[in-house]
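Number of protein chains: 4
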Amino acid sequence: MEQARLEAFSDGVFAVAITLLALDLAVAGPGHDSLATQLGDRWPSYAAYVVSFFTIGITWVNHHTLFKSFAIVDRMLLFLNLTLLMFIVAIPFGTATMAAYLRHGGNDAHLAAAIYAAILEGMAVSFSAIFFWSVRNDRRRHEPLQPDTVRSALVRFGAGMFVYLAAIAIAFVSAPAALVVITVVAVYYVFEHTPTADAQATLK
Amino acid sequence: MEQARLEAFSDGVFAVAITLLALDLAVAGPGHDSLATQLGDRWPSYAAYVVSFFTIGITWVNHHTLFKSFAIVDRMLLFLNLTLLMFIVAIPFGTATMAAYLRHGGNDAHLAAAIYAAILEGMAVSFSAIFFWSVRNDRRRHEPLQPDTVRSALVRFGAGMFVYLAAIAIAFVSAPAALVVITVVAVYYVFEHTPTADAQATLK
Amino acid sequence: MEQARLEAFSDGVFAVAITLLALDLAVAGPGHDSLATQLGDRWPSYAAYVVSFFTIGITWVNHHTLFKSFAIVDRMLLFLNLTLLMFIVAIPFGTATMAAYLRHGGNDAHLAAAIYAAILEGMAVSFSAIFFWSVRNDRRRHEPLQPDTVRSALVRFGAGMFVYLAAIAIAFVSAPAALVVITVVAVYYVFEHTPTADAQATLK
Amino acid sequence: MEQARLEAFSDGVFAVAITLLALDLAVAGPGHDSLATQLGDRWPSYAAYVVSFFTIGITWVNHHTLFKSFAIVDRMLLFLNLTLLMFIVAIPFGTATMAAYLRHGGNDAHLAAAIYAAILEGMAVSFSAIFFWSVRNDRRRHEPLQPDTVRSALVRFGAGMFVYLAAIAIAFVSAPAALVVITVVAVYYVFEHTPTADAQATLK
Chain A
1 MEQARLEAFS DGVFAVAITL LALDLAVAGP GHDSLATQLG DRWPSYAAYV
51 VSFFTIGITW VNHHTLFKSF AIVDRMLLFL NLTLLMFIVA IPFGTATMAA
101 YLRHGGNDAH LAAAIYAAIL EGMAVSFSAI FFWSVRNDRR RHEPLQPDTV
151 RSALVRFGAG MFVYLAAIAI AFVSAPAALV VITVVAVYYV FEHTPTADAQ
201 ATLK
Chain B
205 MEQARLEAFS DGVFAVAITL LALDLAVAGP GHDSLATQLG DRWPSYAAYV
255 VSFFTIGITW VNHHTLFKSF AIVDRMLLFL NLTLLMFIVA IPFGTATMAA
305 YLRHGGNDAH LAAAIYAAIL EGMAVSFSAI FFWSVRNDRR RHEPLQPDTV
355 RSALVRFGAG MFVYLAAIAI AFVSAPAALV VITVVAVYYV FEHTPTADAQ
405 ATLK
Chain C
409 MEQARLEAFS DGVFAVAITL LALDLAVAGP GHDSLATQLG DRWPSYAAYV
459 VSFFTIGITW VNHHTLFKSF AIVDRMLLFL NLTLLMFIVA IPFGTATMAA
509 YLRHGGNDAH LAAAIYAAIL EGMAVSFSAI FFWSVRNDRR RHEPLQPDTV
559 RSALVRFGAG MFVYLAAIAI AFVSAPAALV VITVVAVYYV FEHTPTADAQ
609 ATLK
Chain D
613 MEQARLEAFS DGVFAVAITL LALDLAVAGP GHDSLATQLG DRWPSYAAYV
663 VSFFTIGITW VNHHTLFKSF AIVDRMLLFL NLTLLMFIVA IPFGTATMAA
713 YLRHGGNDAH LAAAIYAAIL EGMAVSFSAI FFWSVRNDRR RHEPLQPDTV
763 RSALVRFGAG MFVYLAAIAI AFVSAPAALV VITVVAVYYV FEHTPTADAQ
813 ATLK
């Protein structure tokens, strides 16, 4: 029950955040460049919309998968979950800022792409922290994970955090390259189960 | 349970997207044309609000009807559902853009109406893909559909996809005509059950 | 189950609409009049925020009370509920427009207040239509209502619709007076049970 | 059931309000100061985002804890809950206004910080009122609270209300100091159980 309402609140936050991404689709409207030109100029916004939409969507899926393995909810979990949501909610800001500066070109595109990657890094770190919270104490999960599964999860979560960290660094070399890296991560997670899901499957 | 949370998340996205439509109702306010003039000039926004509201609303109803026939949730369904939601969330953008250019007149109204129709086409295609996912494997549904029902659904989904595709083409001839076609589809779906719902009724 | 998801979707729309009211609280910010002056000038926005917040909130309460008496969900109910939600979602627009013109004074304040009242009238009519849908056929309710209860509900719903209609007329004489009438209705509904709730209590 | 839907609606409002905080993260974009300068100038917005995010998040947690101890839902509770939500929904406005004036400096920063603190005070008072509603009559709770627990809750709720009241006063001396006080309250509540939660634990 407690968990049900925690998930309902989180679902609501994910749903609003993913929908707010669409606010950046807007064009300047009539009286500016032709619509085709405006849409063409704004391609980074449209590319970023798709990438961020799937990134939030996949994180929601993984959030869901992870939380259903939890047996308890404590203050620490609530705090970690709020931290995760704080980064999720910042994604539309990161997306819009990155797209605006990518479109405009110039030096600030590097910083903007780095901020976008940093928000995703914050999300990945919070997500991993929730996973680690759950394996620190066996009574926190319906079924304890095998040490092998935990090790494998560690590797994969570590990889995720490392890739977003790399994207921050890459952003200072090439902003579009950072966006490509972030896109690849999103595509990867669409087709790959999370370690937790695998673990669950193994345990079932 | 898994399905319940998938539906809760989808409901949240539908609810936010349908509510964001209202952001385009706003007038410029005092200090511009008289309020009556502003409201009169903005009629395409108000017409489009009603059409998009019912289009999203009916799609939500059909989403609901379809998903309750599903016995399992897998990665592919999650991916297809995210794709559907990505188009749903883009509807307020498509609606506002179409209304702005329809109001302003000129050549760009054609492209704006075509984009609106294209977003709806994307929604229809994603929706159909979810249906096809469900009939590819009998264990995905609580009760397998009869071949006749599937064939009939194919025809009707095909029709829906065709009409929105036609609306894209019509938009390049006449933007208001495309809006009329889209309105007719919305009205039709308010009063007509989806194939799936019929199928369910038949099976019950 | 079907009803649960209909309520979940409606709850989501109510929740987003009620929250969007807050977008009109914003002041112009530094570099304009002093903050105290801005806040003072914007008093109609703050008064209207409270009134609309309770109006949507109370309608949500009544929606909830009404729907839990329903035994079935059919296409007509879905359509009527969508119509109701379409007016709910338009309330932030009506509220902000009314407040902007009330603040600015001039002739357009009348029309703006009338539009606000008209949106609430549309809400009241849709709500009544849902009630009438439910009493047209006994199998639509868990327990049929007594003719007396239906008659009493008719009177009270009629009164609600009449008062908002009156507010539309009053708006053309005095916009603030229309806001006062709408406020009185909100206060009345906070402290008074809906006919339906009374009916339920009687039947229990 | 009744309570479930009340919580679902409240969760929705909390989720939307917490997400709308992110709208104030936006920078002016290309063509203004360098992105680094813009981000640096806007530090009050980023600090306030984190503080308000955790304040709303913790209030949601406490709301959840409190409501699950309730045995009934009546009109008064619905009214008090709407009042609480009205303040929650105003938090993004208070946050953005405070941050804008803090950034800009000048005399109005005092008033802006006082308004932010006043909204939080309104939230704290409404929350306390809900608690007092629940202890006025034993049948309103699943298990009546011991007089000791109620007294202890009184002290702690009183403390909360007093601190936000103090923050209003402090704001007129130093706006940043008021923000620090509000931050301390948020941090305190992250790590401290609410009296209600303690009470529950004692009773279990």
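Residue numbers (our numbering), protein chains in the order written: chain A, 1 to 204; chain B, 205 to 408; chain C, 409 to 612; chain D, 613 to 816.
Built from N, CA and C at the ideal position, the CB exists for glycine as well.
These numbers come from a predicted model, not from an experiment.
>> Let me make sure I understand the geometry here. Which of C:Leu429, C:Ala436 and C:Leu485 has the alpha-carbon closest to that of phenylalanine 539 of chain C?
In response: C:Leu485
> Hey, which unbroken runs of the alpha helix (DSSP H) at 4 residues or more fall wholly within the region 637 to 687 of chain D?
Replying inline: 647 to 653 and 655 to 679
> So what's arginine 549 of chain C in DSSP terms, helix, strand or just coil?
Replying inline: strand
> Less than 7 Å between the CB of serine 622 of chain D and some heavy atom of the ligand MN, yes or no?
Replying inline: The ligand MN is absent from the structure shown, which contains no ligands of any kind.
> Which chain B residues sit within Cβ distance under 9 Å of alanine 498 of chain C?
Replying inline: Ala226, Leu229 and Tyr253
> Mind pulling the chain D residues with CB within less than 7 Å of glycine 623 of chain C?
Replying inline: Chain C is shown only over 409 to 612; residue 623 of chain C falls outside these bounds and no answer can be derived.
> Is the distance from the Cβ of threonine 387 of chain B to the Cβ of valine 231 of chain B below 8 Å?
Replying inline: no
> Where do the ends of the alpha helix (DSSP H) carrying serine 128 of chain A lie?
Replying inline: 108 to 135
>> Within 8 Å of any Cβ in chain D, is that where the Cβ of valine 598 of chain C sits?
In response: yes
> Is the beta carbon of alanine 175 of chain A sitting closer than 8 Å to the one on histidine 104 of chain A?
Replying inline: no
> So the alpha helix (DSSP H) leucine 622 of chain C belongs to, where does it begin and stop?
Replying inline: Nothing about residue 622 of chain C can be read from this structure; chain C reaches only from 409 to 612.
> Would you call serine 442 of chain C buried or exposed, if buried means 16 or more other Cβ atoms sit within 10 Å of its Cβ?
Replying inline: exposed
>> Using only CA atoms, which one of A:Ala118, A:Trp133 and A:His32 lies nearest to alanine 171 of chain A?
In response: A:Ala118
> In or out: glutamate 7 of chain A buried (at least 16 other Cβ within 10 Å) or exposed?
Replying inline: buried
> Expressed to the nearest angstrom, what Euclidean distance is found between the alpha-carbon atoms of leucine 171 of chain B and serine 764 of chain D?
Replying inline: Outside the shown range of chain B (205 to 408) lies residue 171 of chain B, about which nothing can therefore be said.
> What residue from C:Phe599, C:Val598 and C:Ala585 has the CA that sits closest to proline 452 of chain C's CA?
Replying inline: C:Ala585
> So what does DSSP say about glycine 12 of chain A, is it helix, strand or coil?
Replying inline: helix
> Would you say phenylalanine 131 of chain A faces chain D, with C-beta separation under 8 Å as the test?
Replying inline: no
>> Mapping the DSSP letters down to three states, classify glycine 384 of chain C as helix, strand or coil.
In response: As shown, chain C starts at 409 and ends at 612. That puts residue 384 of chain C outside it, with no answer to give.
> Is the shortest distance between the beta-carbon of valine 796 of chain D and the beta-carbons of chain C less than 8 Å?
Replying inline: no
>> For isoleucine 523 of chain C, tell me which candidate among C:Ala537, C:Ile499 and C:Thr427 has the shortest Cα-Cα distance.
In response: C:Ile499
> So with Cβ pairs under 8 Å, would you call valine 424 of chain C a contact of chain B?
Replying inline: yes
> Thinking C-alpha only, which one of D:Ala648, D:Phe699, D:Leu777 and D:Gly669 is nearest phenylalanine 462 of chain C?
Replying inline: D:Phe699
> Which residues in chain D sit within 9 Å of histidine 104 of chain A, going by Cβ to Cβ distance?
Replying inline: Gly641, Pro642 and Gly643
> Under the rule that 16 or more other beta-carbon atoms within 10 Å means buried, what is arginine 343 of chain B, buried or exposed?
Replying inline: exposed
> Between leucine 696 of chain D and the rest of its own chain, which residues show a CB-CB distance below 7 Å, the 5 nearest in sequence each way excluded?
Replying inline: Met735, Ser738, Phe739 and Ile742
> If you check the beta carbons only, do valine 394 of chain B and isoleucine 262 of chain B fall under 8 Å apart?
Replying inline: yes
> Should aspartate 74 of chain A go down as buried or exposed, given a rule of 16 or more other Cβ atoms within 10 Å for buried?
Replying inline: exposed
> Pick from A:Leu82, A:Asn107, A:Ala112 and A:Gly106: whose alpha carbon is nearest that of threonine 245 of chain A?
Replying inline: This structure gives no information on residue 245 of chain A, because the portion of chain A shown stretches from 1 to 204.
> So which residues on chain A does arginine 209 of chain B lean against when the C-beta distance must stay under 7 Å?
Replying inline: Glu7, Asp11 and His64
> Quick one: is alanine 627 of chain D buried, meaning 16 or more other Cβ sit within 10 Å of its Cβ, or exposed?
Replying inline: buried
> With burial defined as no fewer than 16 other Cβ atoms inside 10 Å of the residue's Cβ, what is the status of phenylalanine 162 of chain A: buried or exposed?
Replying inline: exposed
> Taking all protein chains shown into account, do 16 or more other C-beta atoms lie within 10 angstroms of the C-beta of tyrosine 800 of chain D, making it buried, or fewer, making it exposed?
Replying inline: exposed
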